[in-house]
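S.K.: Protein sequences, first through last, are from chains A and B.
Numbered according to our numbering, the first sequence terminates at residue 337, and the numbering increases by one at each position without gaps.
Numbered according to our numbering, the second sequence terminates at residue 337, and the numbering increases by one at each position without gaps.
All C-beta atoms in this analysis are idealised placements derived from N, C-alpha and C, irrespective of residue type, glycine included.
For clarity, every value in this text was computed on a predicted model and none was experimentally measured.
Below is one structure. I have some questions about it.
2 protein chains.
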Amino acid sequence: MKLLGIDIMGGDFAPREAVLGAMLALDSLPLDTRLLLIGDSATAHSIITDHGGDVSRFDYHHTTQVITMAENATRAFQQKPDSSIAAGFQLLADKRIHAFASAGNTGAMMVGAMLTVKNIPGLLRPAISSVLPKEDGSVGILLDVGINADCKPEMLVQFGILGSELARHVYSIANPRVGLMNLGEEEEKGNLLAKETHQLLKQSADLNFIGNVEGRDLFNDMADVIVCDGFTGNVILKQAESFYSLVQKRNVKDEYFERFNYENYGGTPILGINGNAIIAHGISKATAIKNMIMLASEVADANLCEKIKHVLSHSVPQ
Amino acid sequence: MKLLGIDIMGGDFAPREAVLGAMLALDSLPLDTRLLLIGDSATAHSIITDHGGDVSRFDYHHTTQVITMAENATRAFQQKPDSSIAAGFQLLADKRIHAFASAGNTGAMMVGAMLTVKNIPGLLRPAISSVLPKEDGSVGILLDVGINADCKPEMLVQFGILGSELARHVYSIANPRVGLMNLGEEEEKGNLLAKETHQLLKQSADLNFIGNVEGRDLFNDMADVIVCDGFTGNVILKQAESFYSLVQKRNVKDEYFERFNYENYGGTPILGINGNAIIAHGISKATAIKNMIMLASEVADANLCEKIKHVLSHSVPQ
Chain A
20 MKLLGIDIMG GDFAPREAVL GAMLALDSLP LDTRLLLIGD SATAHSIITD
70 HGGDVSRFDY HHTTQVITMA ENATRAFQQK PDSSIAAGFQ LLADKRIHAF
120 ASAGNTGAMM VGAMLTVKNI PGLLRPAISS VLPKEDGSVG ILLDVGINAD
170 CKPEMLVQFG ILGSELARHV YSIANPRVGL MNLGEEEEKG NLLAKETHQL
220 LKQSADLNFI GNVEGRDLFN DMADVIVCDG FTGNVILKQA ESFYSLVQKR
270 NVKDEYFERF NYENYGGTPI LGINGNAIIA HGISKATAIK NMIMLASEVA
320 DANLCEKIKH VLSHSVPQ
Chain B
20 MKLLGIDIMG GDFAPREAVL GAMLALDSLP LDTRLLLIGD SATAHSIITD
70 HGGDVSRFDY HHTTQVITMA ENATRAFQQK PDSSIAAGFQ LLADKRIHAF
120 ASAGNTGAMM VGAMLTVKNI PGLLRPAISS VLPKEDGSVG ILLDVGINAD
170 CKPEMLVQFG ILGSELARHV YSIANPRVGL MNLGEEEEKG NLLAKETHQL
220 LKQSADLNFI GNVEGRDLFN DMADVIVCDG FTGNVILKQA ESFYSLVQKR
270 NVKDEYFERF NYENYGGTPI LGINGNAIIA HGISKATAIK NMIMLASEVA
320 DANLCEKIKH VLSHSVPQ
């Protein structure tokens with residue numbers, strides 16, 4: 020039996036959309052998977068009942084506090100031990116759930132991860148990723164997309180490992196090709212970070228490094244995993260989101276561009292921590308929450324954090 | 020009388036497309052403007068004649084050498100003094116032409132600028148820009164887009180000045196709003212470069228700084244000029260180009276997305292040098308070359324380099 024912890028108080032449209040998303044997910048999850056709804060249980064019950072659901076299909080962990088989207092992450096996490104985020108990470112640390120997923124305050128999720136399950140030994144910094152819809156129907160992984168604004172070359176090499184494990188075990192990409200985001204193909208091109216990172220990636224025995232990629236290669240078949248600092252990744256991600264929004268505003272109907280809808284992807288695992296934690300976009304509605312839960316299920320099935328721990332413990336120090 | 024020097028040997032499709040572009044431009048230019056075709060004069064004559072043109076409508080500066088697109092820029096510029104690029108910059112330095120435009124080797128153009136007309140006194144580094152098509156029909160300016168991979172905060176402040184002058188005098192944007200590309204709106208967000216730059220921009224009396232912008236704000240009405248390091252700008256530019264190419268591949272017909280076609284914009288001035296020099300995309304065909312020449316004409320009319328020199332000489336040192 021697998022138990023996934025779901026924060027029903029996190030996100031702009033919580034608890035309603037979070038609970039509705041959990042109801043949607045339940046119909047698609049394997050039979051051996053149950054959902055533990057973390058948050059106000061009475062509210063969860065009434066939302067489920069109001070929408071014709073069966074409250075007994077879920078498990079509940081009642082909490083009394085809520086970390087809001089705008090709150091200072093560190094202070095909120097520490098001052099609200101009975102918040103859904105704090106409770107979720109405690110359950111994860113106690114191994115009472117196989118994964119914890121939330122669309123709540125991303126900063127508080129990161130703080131929660133650091134203070135409870137903590138980084139995998141040897142990891143410099145965790146990362147978060149984004150799924151890139153490829154022209155050929157496949158997907159790629161971009162990381163980091165925002166939690167590490169300033170990076171060292173060694174961090175980007177580890178992002179390559181994190182992204183490769185995610186690609187391999189969750190997106191079923193065998194031997195993922197790792198590309199370094201850069202401003203030119205040639206090895207000697209780049210800013211200081213990219214030039215140093217290129218040399219480390221070339222020497223790395225843990226990765227299938229294919230060289231530099233450029234902004235034009237995000238959606239083609241050049242690489243399966245693209246690494247960059249979190250500043251660059253965040254700009255890329257938001258630019259791609261804005262294109263999707265322009266495509267919608269212009270009323271363009273196209274199945275490929277529809278794959279840019281973040282709702283399809285359910286967010287990202289926090290990569291590199293001792294536990295399977297998933298964060299989703301704060302604006303997630305039921306469909307996005309459902310996909311967050313499906314991702315949590317896949318990450319838990321793969322036991323992604325253990326896979327990453329295994330590779331990091333064997334990776335050649337540089 | 021205004022004379023614009025056009026490199027007819029530069030670009031992937033030179034000399035043919037360069038000469039055809041010059042022929043197209045001539046029909047749209049003001050009557051007081053003549054084009055000096057720099058390159059192999061006999062070839063220019065035969066292309067013009069073959070296409071029913073009148074060779075006497077142009078002026079010619081014959082050169083015997085060509086810097087190819089892939090050549091090492093510094094070596095090529097120095098070893099080929101009778102190349103079209105070297106000749107063009109010499110004519111510009113001697114003030115025999117009002118602007119020099121080329122779709123040739125960008126590196127050689129930068130080297131040529133540095134070795135002949137040189138940087139404006141007080142400028143840390145020149146920059147190149149890209150035009151952002153806005154949803155509301157207007158345009159914005161993004162810089163730097165690739166020649167300064169590593170930047171200091173003071174450089175980004177100057178990019179704000181360069182971009183504002185370009186916006187004001189070439190794109191007729193009064194009091195251009197300058198935004199800093201960042202990963203969040205809040206002042207304290209960002210990597211080290213963005214955080215330091217934000218503080219300098221806030222204090223700058225020379226700019227209409229409106230704060231941070233994000234990847235999602237490139238095509239909305241938030242800012243007229245967006246400054247970033249050349250690494251980030253290059254990734255943004257190429258990602259936008261790839262979206263345009265995806266829109267074309269998906270056969271989407273939309274007048275807004277058509278504005279992402281680089282051919283419409285004719286390239287960028289090299290901003291911050293003692294002369295009006297324009298560089299265009301190496302893949303430019305006749306239409307793009309025509310627009311490069313139109314841009315050169317506007318930059319020369321505005322005497323952009325003098326405007327920039329004036330502002331820089333009055334800008335408050337930080």
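(1) Once DSSP output is grouped into helix, strand and coil, what is the label at A:Lys-171?
(2) Keeping to the same chain, check which residues put their C-beta closer than 7 Å to that of A:Gln-84; ignore five residues upstream and five downstream.
(3) Beta-carbon of B:Glu-233 versus every beta-carbon of chain A: anything under 7 Å?
(4) Note down, in chain order, every chain B residue with its Cβ under 9 Å from the Cβ of A:Asp-155.
(5) Using the Cβ count rule (16 or more neighbours within 10 Å means buried), how would you classify A:His-333?
(6) Listing by chain order, which chain A residues have their CB less than 9 Å from the CB of B:Ile-281?
(7) Taking C-beta to C-beta, are A:Ile-292 and A:Val-136 nearer than 7 Å?
(8) Relative to chain A, which residues along the segment 140-174 of chain B have a C-beta separation below 8 Å, given in chain order?
(9) Give me the subset of the segment 198-228 of chain B whose CB atoms are less than 9 Å from a CB atom of chain A, sorted by chain position.
(10) On the criterion of 16 or more Cβ atoms from any shown chain inside 10 Å, does A:Gln-218 qualify as buried, or is it exposed?
(11) Rounded to whole angstroms, what is the Cα-Cα separation between A:Gln-337 and B:Asp-26?
(12) The beta strand (DSSP E) that contains A:Val-150, what's its start and end?
(13) To the nearest angstrom, report how far apart A:Ser-65 and A:Pro-34 are at their CA atoms.
(14) According to DSSP, is B:Lys-21 helix, strand or coil?
(15) For B:Arg-269, go through chain A and note every residue whose CB falls closer than 8 Å to its CB, in chain order.
(16) Tell me which same chain residues have a C-beta within less than 7 Å of the C-beta of A:Thr-52, skipping the five on either side of it?
(17) Taking only beta-carbon positions, decide if A:Ala-90 is within less than 7 Å of chain B.
(18) From B:Asp-225 to B:Gly-40, what does the alpha carbon distance come to, in whole angstroms?
(19) Give every residue of the same chain whose Cβ lies closer than 6 Å to the Cβ of B:Met-88, excluding the five residues on either side of it in the sequence, and list them in chain order.
(20) Measuring CA to CA, which of A:Gly-29, A:Gly-234, A:Glu-260 is closest to A:Ser-121?
(21) Which two residues bound the contiguous beta strand (DSSP E) that contains B:Tyr-79?
(22) Taking a cut of 9 Å between CB atoms, which residues from the segment 301-314 of chain A lie near chain B?
(23) So, does the CB of B:Val-244 fall closer than 7 Å to a CB anywhere in chain A?
(24) Any beta-carbon of chain B closer than 7 Å to the one on A:Ser-261?
(25) Mind checking who A:Phe-228 pairs with in its DSSP beta bridge?
(26) So, is the C-beta of A:Thr-87 closer than 7 Å to a C-beta in chain B?
(27) Which one of B:Asn-91, B:Val-130, B:Arg-94 has the shortest CA to CA distance from B:Gly-107?
(28) Roughly how many angstroms separate the alpha carbons of A:Ala-321 and A:Asn-295, rounded to a whole number?
(29) The alpha helix (DSSP H) with A:Phe-250 in it runs from where to where?
(30) With a threshold of 8 Å on Cβ separation, who are the neighbours of A:Thr-90 within its own chain once the five nearest residues in sequence on each side are excluded?
(31) Quick one: which chain B residues come within Cβ less than 8 Å of A:Thr-125?
(32) Could you say which of B:Ile-86, B:Leu-55, B:Ala-92 lies nearest to B:Ser-75 if we only look at CA atoms?
(33) Give a yes or no on whether the minimum CB-CB distance between B:Phe-250 and chain A is below 7 Å.
(34) Note down the Cα distance separating B:Ile-67 from B:Leu-314, rounded to an integer number of angstroms.
M.R.: In short, the structure shows the following:
(1) coil
(2) Excluding sequence neighbours, A:Gln-84 sits near Lys-99, Asp-101, Ser-102.
(3) yes
(4) Near A:Asp-155 there are no residues of chain B at all, since even the closest Cβ is about 12 Å away, more than 9 Å.
(5) exposed
(6) Per the sequence shown, the amino acid found at residue 281 of chain B is Tyr instead of Ile. What B:Tyr-281 touches in chain A: nothing, since even the nearest Cβ is about 12 Å away.
(7) yes
(8) Glu-154, Gly-165, Ala-168, Asp-169
(9) Met-200, Asn-201, Leu-202, Gly-203, Lys-208, Gly-209, Asn-210, Leu-211, Leu-212, Ala-213, Lys-214
(10) exposed
(11) For A:Gln-337, the pLDDT reaches just 48, beneath the cut-off of 50, and the residue's location in the model is therefore unreliable, although a value from the coordinates is still provided. Roughly 48 Å between the two C-alpha positions.
(12) 148-152
(13) 11 Å
(14) In this structure, B:Lys-21 counts as strand in the three-state DSSP scheme.
(15) Asp-273, Tyr-275, Phe-276
(16) Lys-21, Leu-23, Ser-316
(17) Here residue 90 of chain A is Glu; the residue named in the question, Ala, does not match the sequence. No, because no Cβ of chain B sits closer than 7 Å to the Cβ of A:Glu-90.
(18) 38 Å
(19) Asn-124, Gly-301
(20) When A:Gly-29, A:Gly-234, A:Glu-260 are compared, the shortest CA-CA separation from A:Ser-121 is found for A:Gly-29.
(21) 78-81
(22) none
(23) By the rule that beta-carbons nearer than 7 Å mark a contact, B:Val-244 does not touch chain A.
(24) With a threshold of 7 Å between beta carbons, A:Ser-261 makes contact with chain B.
(25) A:Val-197
(26) no
(27) Looking at the Cα atoms, B:Val-130 is the closest of the given residues.
(28) 10 Å
(29) 249-268
(30) With the sequence shown as reference, residue 90 of chain A is identified as Glu, and Thr is not the correct amino acid for it. Contacts found: Asn-124, Ala-127.
(31) Within chain B, no residue comes near A:Thr-125; the closest Cβ sits about 11 Å away, beyond 8 Å.
(32) Residue B:Leu-55 is the option with its Cα nearest to B:Ser-75.
(33) Yes, because at least one Cβ of chain A sits closer than 7 Å to the Cβ of B:Phe-250.
(34) 22 Å
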